[in-house]
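Peer 1: One structure coming up, written as structure tokens, with questions to follow.
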Amino acid sequence: MSTNTDAATVPAQRSGSDAPRKPAREQRFADGGGILNVFSHGFLALWALMIIVPLIWIVLGSFKTNAQIGGSAWSWPSHWHLDAFSRAWTKGIGGFFANTVIVLAGSLTLTMLLGAMAAYVLARYEFRGNRTIYYFFVAGAMFPVYLALVPLFFMVKNLGQISPLLGLNSYLGLILVYTAYSLPFTVFFLYSFFRSLPTAVHEAAMIDGCSHTRAFFQVMVPMAKSGLISVFIFNVLGQWNQYLLPVTLMQQQSGTDPDRSMLAQGLMNLAVQSGYASDFPGLFAGMTIAMLPVLVVYLSFQKQVQAGLTSATLK
Amino acid sequence: MRHRKYPFIVGFLFLPVLLYVALVIWPYLQTFGYSMTDWSGASQQMNFIGLRNYTKLFGDSTFLLALQHNLLLLLVLPLVTILLALFFAFMLNVGGRSGTGGVQGVRGAAFYKVVFFFPQVLSVAILSVLFQGVYRTDQGGLLNGVLVKLGLEDANHPWQWLADPDLGLWCVVGVLVWSGVGFYLVLFSAAMQNVPKDIYEAALLDGAGRAQTFFKITLPLLWETVQTAWVYLAIAAMDAFALVSTMTPGAYYGGGPDHHSEIMATLLMRNFITYGKAGYACAMGVVIFFITLVLSVVSLRVTRREKIEF
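Chain order of the listed sequences is F and U. Here the first sequence is numbered in this note's numbering, starting from 184 and rising by one per residue. Here the second sequence is numbered in this note's numbering, starting from 37 and rising by one per residue.
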């Protein structure tokens, strides 16, 4: 690395005259900070504006009228009615919300349980085929979902012939699919986490006559809490925002089939409908409603969210 | 004290593996099988036609156009996102005016990180609807509204953004960059914080400027992270389905105007769902699969450098 050579020569020349006189306070880059600092702040502030302004613009839009939205981007809402919000809610956002919560409650529980079980066994027990199964799981995280979409559609459709509870446009079917597609990453992440935990506690529990299953649930799971939380947050966001799978699998199968759209999917449908009915305030209100829980979760857990998502990719 | 190990292992692995094989591995494998048939998708009837789907694919001018667009995305998206993210991360961590400590980030770094990262947690559906509003072609669109206000464009001839054949795809790239930069910024930031401060301090004692510090210290030490980011962005560039299919004009799964923003994923879905050419769609899937595979392997091998321990 070239840094080493630089570092080797320069201090020798400097140390005699300059460095001792300089108090620690004034250590700074040779090119000062002034202009560059303004410059960098400018760029950072600009990018921050580019993110905040569109979002606020949408929220404001839900208070405007159709004519105002179509007329000029700079119009200001004339009165602060919540009509658009109630319209959006009755048009189905409320239902989509409930659907999403039902599916996520099931799929997240299942993902975490099955993912932790598989990762734990793979990380902590030696047996024939261990590596093969592990690589099998890891490989699944590499490829885009839509490659499997065609056969998956028919797989779920066939499941529906076993029981209507499992088929297309069913909660349970989607729960299983979400779980299956979250497993590779969950196993991959928790595998390295379980490996990094100390073995002594587990051994002590085993000597005391604890069964393997109990050792897992009462000793290892509590010890792995921080890793579990990271991957949980990752899965919450991933599944909450999933779009492709519900669009393919959660279409109404007949006229009498209830609409079980997920939030992201329902919002897109609403966007198409509002385009026809020119109800842009309603659409913007729907978006605001969909963004709000994400914003609340994000702001309250932003440290964990950032740490969880990035450590996930770094490992 | 010895409990029987194998029933436990099998008991714990059975359900996850079953679910995973049935709903993930098996469909992936089936895609390969179907790609050699003339299956329509509607019935179970199909004939084995060998590699004919593939030969047809590479004579299909729309597919080649879509492939070209994907390769363009592949080139531009990682480059722009990584450069912006690196720049911002460097500013946040090392770019600040130094006070009592030698090296530090700019003021408000935590705030910037929270804001920049936020788009990452928004659903693609929200991104899509949001940017359809931003890219509106009349003055009600945020971007046109701002540009007219700034006097940068003529109010009577507003830009067509997504509806413009030459601009459509770039608008989608813009959304991908907008939402992605924050994530990679936080990723690079975390990596930069792992670099010991004394390395920077040594450099600035030696009179290194910011640019020099960045290119001679930060970048080499972050190389591995940049490489990871590259692979992730490459995979994202091969995907981009949700945004293109919902934002760009076109009757089924977007791709318009007139295939100018067509990508392989939208073409695949249109062939599968709309045209009933499931076998052909599967062949496209296999091509995308191999491109992704080759990309990941190549970018991990070619860009490999010596690992620097610190």
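Don't be surprised by glycine CBs; every beta carbon is placed ideally from N, CA and C. Predicted, not measured: the structure shown is a model, and the values here were computed from it.
Can you name the start and end residues of the alpha helix (DSSP H) that Cys207 of chain U belongs to?
Peer 2: Here residue 207 of chain U refers to the residue found at position 171 when the second sequence is read from its first residue. Cys207 of chain U -> alpha helix (DSSP H) spans 204 to 230.
Peer 1: Locate the alpha helix (DSSP H) running through Asn307 of chain U, then write down its first and last residues.
Peer 2: As a first step, residue 307 of chain U is located in the second sequence; it is residue number 271 there, counting from the start. Asn307 of chain U -> no alpha helix (DSSP H), and no H or E assigned at all.
Peer 1: From Ala388 of chain F to Leu380 of chain F, what distance separates their C-alpha atoms?
Peer 2: Here residue 388 of chain F refers to the residue found at position 205 when the first sequence is read from its first residue. Here residue 380 of chain F refers to the residue found at position 197 when the first sequence is read from its first residue. Taking the straight line joining both Cα atoms gives about 15 angstroms.
Peer 1: Whose Cβ in chain U lies nearer than 8 angstroms to the Cβ of Gly253 of chain F?
Peer 2: To locate residue 253 of chain F, count along the first sequence from 1; it is residue 70. Under the 8 angstroms cutoff, chain U gives Asp174, Gly176.
Peer 1: Could you check the C-alpha separation between Val53 of chain U and Asn180 of chain U for me, to the nearest Å?
Peer 2: As a first step, residue 53 of chain U is located in the second sequence; it is residue number 17 there, counting from the start. As a first step, residue 180 of chain U is located in the second sequence; it is residue number 144 there, counting from the start. The straight-line gap from Cα to Cα measures roughly 52 angstroms.
Peer 1: Return the chain-ordered list of same chain residues with a C-beta closer than 7 angstroms to the C-beta of Ser258 of chain F, the five sequence neighbours on each side being excluded.
Peer 2: Here residue 258 of chain F refers to the residue found at position 75 when the first sequence is read from its first residue. Here the set comprises Lys247, Gln251.
Peer 1: In whole angstroms, what is the alpha-carbon distance linking Lys205 of chain F and Leu241 of chain U?
Peer 2: As a working mapping, residue 205 of chain F is identified with position 22 in the first sequence. As a working mapping, residue 241 of chain U is identified with position 205 in the second sequence. With a pLDDT of 42 at Lys205 of chain F, under the threshold of 50, the modelled position of that residue is not reliable, and the figure given next carries that caveat. About 10 angstroms.
Peer 1: Near Ala319 of chain U, which residues of its chain fall below 7 angstroms by C-beta distance, leaving aside the five closest residues on each side in sequence?
Peer 2: Counting from 1 along the second sequence, the entry for residue 319 of chain U is found at position 283. Contacts found: Ser71, Asn89, Tyr90, Leu93.
Peer 1: When you compare the CB of Thr362 of chain F with every CB in chain C, is at least one pair closer than 9 angstroms?
Peer 2: No chain C is part of this structure, whose protein chains are labelled F and U.
Peer 1: Which residues in chain F sit within 8 angstroms of Ile61 of chain U, going by Cβ to Cβ distance?
Peer 2: Start at 1 with the first residue of the second sequence, and residue 61 of chain U comes out as number 25. Residues of chain F passing the Cβ test: Phe319, Gly323.
Peer 1: Show which residues of chain F have a CB atom less than 9 angstroms away from the CB atom of Lys92 of chain U.
Peer 2: As a first step, residue 92 of chain U is located in the second sequence; it is residue number 56 there, counting from the start. Within 9 angstroms Cβ-Cβ: nothing; Lys92 of chain U doesn't reach chain F, min ~17 angstroms.
Peer 1: For Leu115 of chain U and chain F, any beta-carbon pair shorter than 9 angstroms?
Peer 2: If you number the second sequence from 1, residue 115 of chain U lands on position 79. Judged by the 9 angstroms Cβ criterion, Leu115 of chain U is not in contact with chain F.
Peer 1: Report the residues of the stretch 238 to 267 of chain F with a CB closer than 8 angstroms to any CB of chain U, ordered along the chain.
Peer 2: Those residues of the stretch 238 to 267 of chain F that come within reach of chain U (Cβ to Cβ, closer than 8 angstroms) are Leu238, Trp240, Ile241, Gly244, Ile252, Gly253, Gly254, Ser255, Ala256, Trp257.
Peer 1: Where do the ends of the alpha helix (DSSP H) carrying Pro201 of chain U lie?
Peer 2: Taking the second sequence and counting its residues from 1, the one referred to as residue 201 of chain U is at position 165. Careful: Pro201 of chain U lies outside any alpha helix (DSSP H) and carries neither H nor E.
Peer 1: Just the chain F side, please: which residues come within less than 7 angstroms of Cys318 of chain U by C-beta, in chain order?
Peer 2: Taking the first residue of the second sequence as 1, we reach residue 318 of chain U at position 282. Those are Val333, listed as they occur along chain F.
Peer 1: To which residues of the same chain is Met82 of chain U closer than 8 angstroms at the C-beta, ignoring the five residues directly before and after it?
Peer 2: One-based indexing of the second sequence puts residue 82 of chain U at position 46. For Met82 of chain U, where only same-chain residues beyond five positions count, the Cβ hits under 8 angstroms are Tyr70, Thr73, Asp74, Trp75, Ser76, Gly315.
Peer 1: Does DSSP classify Thr315 of chain F as helix, strand or coil?
Peer 2: Working through the first sequence from its first residue, we reach residue 315 of chain F at position 132. Three-state DSSP puts Thr315 of chain F in a helix.
Peer 1: When you compare each of U:Thr328, U:Val333, U:Asn192, U:Val323 to Thr67 of chain U by their alpha carbons, which one comes out closest?
Peer 2: Translated into the one-based positions of the second sequence, residue 67 of chain U becomes position 31. For Thr67 of chain U, the nearest C-alpha among the options comes from U:Val323.
Peer 1: Per the DSSP calculation, Thr73 of chain U is bridged to which residue(s)?
Peer 2: Position 37 of the second sequence, counted from the start, is the residue given in the question as residue 73 of chain U. Partner(s): U:Phe84.
Peer 1: Could one say the Cβ of Trp214 of chain U lies closer than 9 angstroms to chain F's Cβ atoms, at least one of them?
Peer 2: Within the second sequence, residue 214 of chain U is the residue found at index 178, counting from 1. Interface residue, yes.
Peer 1: According to DSSP, is Arg40 of chain U part of a helix, a strand, or is it coil?
Peer 2: By 1-based counting over the second sequence, the position of residue 40 of chain U is 4. Coil.
Peer 1: Is there at least one Cβ from chain U nearer than 9 angstroms to Leu427 of chain F's Cβ?
Peer 2: One-based indexing of the first sequence puts residue 427 of chain F at position 244. Yes, Leu427 of chain F lies at the interface with chain U (some Cβ there is under 9 angstroms from its Cβ).
Peer 1: When the Cα of Thr369 of chain F is compared with those of F:Phe417, F:Thr396, F:Met338, which residue comes out closest?
Peer 2: For the purposes of this step, residue 369 of chain F is taken as residue 186 along the first sequence, with counting starting at 1. It is F:Phe417.
Peer 1: So, is Gly169 of chain U buried or exposed, given that buried needs 16 or more other C-beta atoms within 10 angstroms?
Peer 2: Taking the first residue of the second sequence as position 1, residue 169 of chain U is located at position 133. So Gly169 of chain U counts as buried.
Peer 1: For the stretch 154 to 172 of chain U, which residues have a beta carbon sitting closer than 9 angstroms to at least one beta carbon of chain F?
Peer 2: Cβ contacts with chain F: Phe154, Pro155, Gln156, Val157, Leu158, Ser159, Val160, Ala161, Ile162, Ser164, Val165, Leu166, Phe167, Gln168, Gly169, Val170, Arg172.
Peer 1: Would Leu221 of chain U and Ile271 of chain U qualify as a contact pair, given that the criterion is a beta-carbon distance under 9 angstroms?
Peer 2: By 1-based counting over the second sequence, the position of residue 221 of chain U is 185. By 1-based counting over the second sequence, the position of residue 271 of chain U is 235. Against a cut-off of 9 angstroms, the Cβ pair of Ile271 of chain U and Leu221 of chain U comes out as no contact.
Peer 1: Ignoring anything shorter than 4 residues or poking outside the stretch 253 to 282 of chain F, list the alpha helix (DSSP H) runs there in chain order.
Peer 2: Taking only runs of at least 4 residues, the alpha helix (DSSP H) segments lying wholly in the stretch 253 to 282 of chain F are 266 to 271.
Peer 1: Are the C-beta of Thr396 of chain F and some C-beta of chain U separated by less than 9 angstroms?
Peer 2: By 1-based counting over the first sequence, the position of residue 396 of chain F is 213. Interface residue, yes.
Peer 1: Could you list which residues in chain F have their beta carbon closer than 9 angstroms to that of Ile324 of chain U, in chain order?
Peer 2: Start at 1 with the first residue of the second sequence, and residue 324 of chain U comes out as number 288. In chain order: Phe326, Pro327, Tyr329, Leu330.
Peer 1: Decide if Glu309 of chain F is buried, meaning its Cβ has at least 16 other Cβ atoms within 10 Å, or exposed.
Peer 2: Start at 1 with the first residue of the first sequence, and residue 309 of chain F comes out as number 126. So Glu309 of chain F counts as exposed.
Peer 1: With DSSP as the reference, label Pro334 of chain F as helix, strand or coil.
Peer 2: The residue given as residue 334 of chain F occupies position 151 in the first sequence. Looking at Pro334 of chain F - three-state DSSP - the assignment turns out to be helix.
Peer 1: Measure the CB-CB distance between Ala454 of chain F and Thr282 of chain U and report whether it falls below 9 angstroms.
Peer 2: Mapped onto the first sequence, residue 454 of chain F falls at position 271. Mapped onto the second sequence, residue 282 of chain U falls at position 246. Result yes, Cβ atoms of Ala454 of chain F and Thr282 of chain U sit closer than 9 angstroms.
Peer 1: Over what stretch of residues does the alpha helix (DSSP H) that includes Asp275 of chain U continue unbroken?
Peer 2: The residue labelled residue 275 of chain U in the question sits at position 239 within the second sequence. Here the alpha helix (DSSP H) through Asp275 of chain U covers 259 to 275.
Peer 1: For Pro52 of chain U, does the three-state DSSP call read helix, strand or coil?
Peer 2: The residue you call residue 52 of chain U lines up with position 16 of the second sequence. Note: Pro52 of chain U maps to helix in three-state DSSP.
Peer 1: Less than 8 angstroms between C-beta atoms, sequence neighbours within five positions excluded: which residues of the same chain meet that for Ser335 of chain U?
Peer 2: For the purposes of this step, residue 335 of chain U is taken as the residue at position 299 of the second sequence. Closer than 8 angstroms at Cβ, skipping near neighbours: Gln263, Trp266, Val267, Ala270.
Peer 1: Quick one: residues in its chain with C-beta nearer than 7 angstroms to the C-beta of Tyr426 of chain F, no 5 flanking neighbours on either side, listed in chain order?
Peer 2: Residue mapping note: residue 426 of chain F aligns to position 243 of the first sequence, counting from 1. Excluding positions up to five away in sequence, the list reads Ala447, Gln448.
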